[in-house]
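For reference, the structure is listed below as structure tokens.
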Amino acid sequence: MSQQHRAIVELHNITRTYIQGEIEVNAVSNLNLTISAGEFTTLCGPSGSGKTTVLNMIGALDEPTSGVVTIEGRNLTELNRSEISALRRDRIGFVFQSYNLIPVLTAYENAEFVLALQGVKPAERREQVMAILKEVGLEGLEHRRPDEISGGQQQRVAIARAIVTHPAIVLADEPTANVDSATAEALLDLMQELNQNDGVTFLFSTHDQRVIDRAKRVIHLRDGKLESDILQ
Amino acid sequence: MQLNRLAWKNLWRNKRRTLITGFSISLGVFLSVTFTGTGDYTYTNMIDASATMGLGHVTVEAKGFNDSPTLDKRLKNTAKLRSEIMQLDNVSNATVRIMGQAMFASASKSVGGSFLAINPTTESAEFNLLIRAITEGEIFSTNDHRGIIIGSVMAEKLKLKLGKKIVYTTTDVNGDIVGEVARIRAIFKTGLDEVDGAMVLLPIDQVRKTLGYTHDEASMITVIIADQRRAEEMSVQIAAIINNDEIETLSWQQTQRDLMGLITVDKTTNYLSQILIGLVIAAGILNTLLMGVMERTREFGIMMAIGMPPSVLFRLVILESFWLAILGLIMGVIITSPWYYYLYYIGLDFTEMFDEMGGYSAGGVLLDPVIHVRLFKESIIAILSGVFSLTLISGLYPAWKAVKTNPVDTLKTI
Numbered sequence: 001m002s003q004q005h006r007a008i009v010e011l012h013n014i015t016r017t018y019i020q021g022e023i024e025v026n027a028v029s030n031l032n033l034t035i036s037a038g039e040f041t042t043l044c045g046p047s048g049s050g051k052t053t054v055l056n057m058i059g060a061l062d063e064p065t066s067g068v069v070t071i072e073g074r075n076l077t078e079l080n081r082s083e084i085s086a087l088r089r090d091r092i093g094f095v096f097q098s099y100n101l102i103p104v105l106t107a108y109e110n111a112e113f114v115l116a117l118q119g120v121k122p123a124e125r126r127e128q129v130m131a132i133l134k135e136v137g138l139e140g141l142e143h144r145r146p147d148e149i150s151g152g153q154q155q156r157v158a159i160a161r162a163i164v165t166h167p168a169i170v171l172a173d174e175p176t177a178n179v180d181s182a183t184a185e186a187l188l189d190l191m192q193e194l195n196q197n198d199g200v201t202f203l204f205s206t207h208d209q210r211v212i213d214r215a216k217r218v219i220h221l222r223d224g225k226l227e228s229d230i231l232q
Numbered sequence: 233m234q235l236n237r238l239a240w241k242n243l244w245r246n247k248r249r250t251l252i253t254g255f256s257i258s259l260g261v262f263l264s265v266t267f268t269g270t271g272d273y274t275y276t277n278m279i280d281a282s283a284t285m286g287l288g289h290v291t292v293e294a295k296g297f298n299d300s301p302t303l304d305k306r307l308k309n310t311a312k313l314r315s316e317i318m319q320l321d322n323v324s325n326a327t328v329r330i331m332g333q334a335m336f337a338s339a340s341k342s343v344g345g346s347f348l349a350i351n352p353t354t355e356s357a358e359f360n361l362l363i364r365a366i367t368e369g370e371i372f373s374t375n376d377h378r379g380i381i382i383g384s385v386m387a388e389k390l391k392l393k394l395g396k397k398i399v400y401t402t403t404d405v406n407g408d409i410v411g412e413v414a415r416i417r418a419i420f421k422t423g424l425d426e427v428d429g430a431m432v433l434l435p436i437d438q439v440r441k442t443l444g445y446t447h448d449e450a451s452m453i454t455v456i457i458a459d460q461r462r463a464e465e466m467s468v469q470i471a472a473i474i475n476n477d478e479i480e481t482l483s484w485q486q487t488q489r490d491l492m493g494l495i496t497v498d499k500t501t502n503y504l505s506q507i508l509i510g511l512v513i514a515a516g517i518l519n520t521l522l523m524g525v526m527e528r529t530r531e532f533g534i535m536m537a538i539g540m541p542p543s544v545l546f547r548l549v550i551l552e553s554f555w556l557a558i559l560g561l562i563m564g565v566i567i568t569s570p571w572y573y574y575l576y577y578i579g580l581d582f583t584e585m586f587d588e589m590g591g592y593s594a595g596g597v598l599l600d601p602v603i604h605v606r607l608f609k610e611s612i613i614a615i616l617s618g619v620f621s622l623t624l625i626s627g628l629y630p631a632w633k634a635v636k637t638n639p640v641d642t643l644k645t646i
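Here the protein sequences come in this chain order: L and W. Numbering-wise (the working numbering), the first sequence opens with residue 1 and increments by one. Numbering-wise (the working numbering), the second sequence opens with residue 233 and increments by one.
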């Protein structure tokens, strides 16, 4: 199997059931899905279709009621809490809708955060963070705190934080929802470049047609089930 | 980016709240220094005053004399023993004394009391409160066999003045009644009626003759040491030098049980007050830290989502308590220092209040009406480490709460 088609995420017959009062609700039902290295994929569907639940389970933030989730061949249900933390730290990047940067840290420190958790040496961290900040267009803004930069710039910091560790996959939830059109386009350009040039795998959950239009693969969910899976 | 730096930055997210909490910690330091400092000063003052009233910090005496102080129980070779004791470090003075009961009579009246027979060449005002309290006359000389020093209340009761004669009667080593005539060389006034009305000083050589003691016998050797806290240790050290089963070496805690009891009760009350104040302050710190944690559950969720292990998150919150403790202690030292120096050098003068209460004593010991502070090194360490630990402990529950954060619950969407 080539590096490009190596499976990063595999969902085997996943079901996630929530209890609401006395009613059982299947947020996801018997879902099978594979995301390979280098993909630029969008999960879309109406509210309640299960997009977020799927992303949470791939991000090891939630566990399926039944079925198996594997990340690079590792079954998540077999990992303990610290192994899950390490997996999220080392192999998964997150880009949140509302940026979710740490407000007391500068752009540099936010981007450096996960590397510090990994125990990377300061000199090495500096080199990697400065390179990534340059790549996402934040050169010169590294000492600004989140409240001192625009929403688009904050999202760039979030992207830098997500990719600085070279994760297997970046999970991005509505990354363009809180920014204006021009900024959204610029962010998508950036992520597309990272995907095409550096081979970063992206999985989006979005309603944004601009994101859907740029995706190489679009997965439609409805009522927690796979409705369609289209390569563009 | 180090965890320490993040913790420090987190502390300053809400400056006002952090400063108020720092202030409450510093209030803890302030109260603790005040209570402990006045305690350390007052207890030392009482113990030292008590030691100079007759028995010293450590007393060397014939076995059983402390429980039943009769004149037939006596030490031998006192000069040699004294000389050996004086060689020890931390010993400021050692004096050979005879202590006993006697009746004191003038032409008009008689009263019962205690005598302390002393050697004027080895005694001094510094180590003998009764000499220090002389208000009229002077201490008798070595050759003055007829000299006596009495208290002002006894002088009043017996209607005697300086230079007048007084007769004292007691029992000798054989249990026979013996008496002597003496002339008042000085009158002391300590302010304690039970001392001024019942205690007298006599020349030891004369008392030895009167009681039938040899020239080297006495009731006790009283030892004054430089640091009262070492009394028990010195007592053991002196006992080891003497190494005689017929001789007892007792610390002030054993010879002055009333004073010991009073100090123990007072110390316990003092500590309990401090613990209660500490708990109130700890509740405030806990509240602040918990609020800080509850406000940041989403942020903790994000940190955990991007890979911060629970143990590191726990450490982060504990580090926030650590820096809060450091801040509070620094503020505490800044706020408390002027107050401490004021109390140390000037003090709080309660003379008027003590006068209204009719005395300056507690547990039979003179109290200084001006309250000062003095902190021993171990007290400083106890205060700082106590306040520090309290703050760190207050951070445990908020840290545990932070670790319990479930990223999915805090991040409605990733």
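Ideal placement from N, C-alpha and C gives every residue a C-beta, glycine not left out. Note that the structure is predicted; figures quoted are calculated from it, not measured.
If I measure Cβ to Cβ from Gln154 of chain L and keep anything under 7 Å in the same chain, skipping five residues before and after, which residues do I get? Tyr99, Leu101, Pro146
Residue of W:Val261, W:Ser505, W:Leu556, W:Ile380 minimising C-alpha distance to Arg245 of chain W: W:Leu556
Shorter than 9 Å from the beta carbon of Thr645 of chain W to some beta carbon of chain L? Confidence at Thr645 of chain W is low in this model, with a pLDDT of 46, below 50, so its placement is unreliable and the value that follows should be read with caution. At least one chain L Cβ lies under 9 Å of Thr645 of chain W.
Following the continuous alpha helix (DSSP H) through Arg89 of chain L, name the residue where it begins and the one where it ends. From DSSP, the alpha helix (DSSP H) with Arg89 of chain L extends over 81 to 91.
Please determine, among W:Ser264, W:Asn298, W:Ser300, W:Asp304, the residue with the shortest C-alpha to C-alpha distance to Leu504 of chain W. W:Ser264
Integer Cβ distance of Ala258 of chain L from Phe96 of chain L, believed to fall under 8 Å: With chain L covering only 1 through 232, there is no way to say anything about residue 258 of chain L.
Thinking just about the alpha-carbon of each residue, which of L:Arg74, L:Tyr108, L:Glu174, L:Asn56 is nearest to the one in Arg210 of chain L? L:Glu174
Going along chain L in order, which residues have a C-beta closer than 7 Å to the C-beta of Pro541 of chain W? Ser82, Ser85
What do you get for Lys341 of chain W, buried or exposed, if any count of 16 or more other CB atoms within 10 angstroms of its CB means buried? exposed
How big is the Cα-Cα spacing for Leu607 of chain W and Thr268 of chain W? 7 Å
Check whether Leu55 of chain L and Asn32 of chain L have beta carbons under 9 Å apart: no
Cutoff 9 Å: Glu588 of chain W Cβ touching any chain L Cβ: So no, Glu588 of chain W is outside the interface.
If you compare alpha carbons, which of W:Gly254, W:Leu238, W:Asn236 is closest to Leu559 of chain W? W:Gly254
Taking 9 Å as the threshold (C-beta atoms), are Phe94 of chain L and Gln192 of chain L in contact? It is not a contact, given that the beta carbons lie outside the stated cut-off.
Terminal residues of the continuous beta strand (DSSP E) containing Gln333 of chain W? Per DSSP, the continuous beta strand (DSSP E) segment holding Gln333 of chain W begins and ends at 323 to 337.
Could you check where the beta strand (DSSP E) with Pro435 of chain W kicks off and where it finishes? Its beta strand (DSSP E) spans residues 431 to 435.
Contacting positions in the segment 103 to 129 of chain L - beta carbon closer than 7 Å to chain W: Under the 7 Å Cβ criterion, the segment 103 to 129 of chain L contributes Val104, Leu105, Glu109, Glu112, Phe113, Val114, Ala116, Leu117.
Along chain W, which residues have their Cβ under 8 Å away from the Cβ of Leu61 of chain L? Ala537, Pro639, Val640, Leu643, Ile646
The alpha helix (DSSP H) that contains Asn195 of chain L, what's its start and end? 181 to 198
Return the CA-CA distance between Arg547 of chain W and Ala631 of chain W, expressed in angstroms with no decimal places. 8 Å
Please check if any C-beta of chain W sits within less than 9 Å of the C-beta of Asn178 of chain L. no
Just checking: is the beta-carbon of Arg249 of chain W within a distance shorter than 9 Å of some beta-carbon in chain L? no
Do you know offhand how far Thr206 of chain L's Cα is from Asp189 of chain L's? When rounded, the separation of the alpha-carbon atoms in Thr206 of chain L and Asp189 of chain L is 16 Å.
In angstroms, rounded to a whole number, what distance separates the CA positions of Gly67 of chain L and Val164 of chain L? 31 Å
Using the Cβ count rule (16 or more neighbours within 10 Å means buried), how would you classify Pro167 of chain L? buried
What residues from the segment 506 to 537 of chain W come within 8 Å of chain L, judged by C-beta to C-beta, listed N to C? Arg530, Glu531, Ile534, Met535, Met536, Ala537
Per DSSP, the bridge partner or partners of Ala450 of chain W: W:Leu307
Identify every residue that forms a DSSP beta bridge with Asn75 of chain L. Note: Asn75 of chain L sits in a beta bridge opposite L:Thr70.
Could you check the C-alpha separation between Ala326 of chain W and Ile453 of chain W for me, to the nearest Å? 6 Å
Output needed in chain order: residues of the segment 261 to 279 of chain W with a Cβ under 9 Å from some Cβ in chain L. none
Which residues DSSP lists as bridging Lys269 of chain L, in chain order: The structure shown has nothing for residue 269 of chain L, since chain L only spans 1 to 232.
Are the beta-carbon atoms belonging to Thr42 of chain L and Arg217 of chain L less than 9 Å from one another? yes
In three-state DSSP terms, what is Ser315 of chain W? helix
Selected residue, minimal CA-CA separation from Ala614 of chain W, among W:Val261, W:Thr354, W:Ser256: W:Val261
Classify Val69 of chain L as buried or exposed, calling it buried when 16 or more other Cβ atoms lie within 10 Å of its own Cβ. Classified as buried, Val69 of chain L has 16 or more neighbouring CB atoms from the shown chains inside 10 Å of its CB.
Closer than 7 Å between beta carbons: that is the criterion. Which residues of the segment 26 to 57 of chain L meet it against chain W? Listed by position, the residues of the segment 26 to 57 of chain L near chain W (Cβ gap below 7 Å) are Thr52, Leu55, Asn56.
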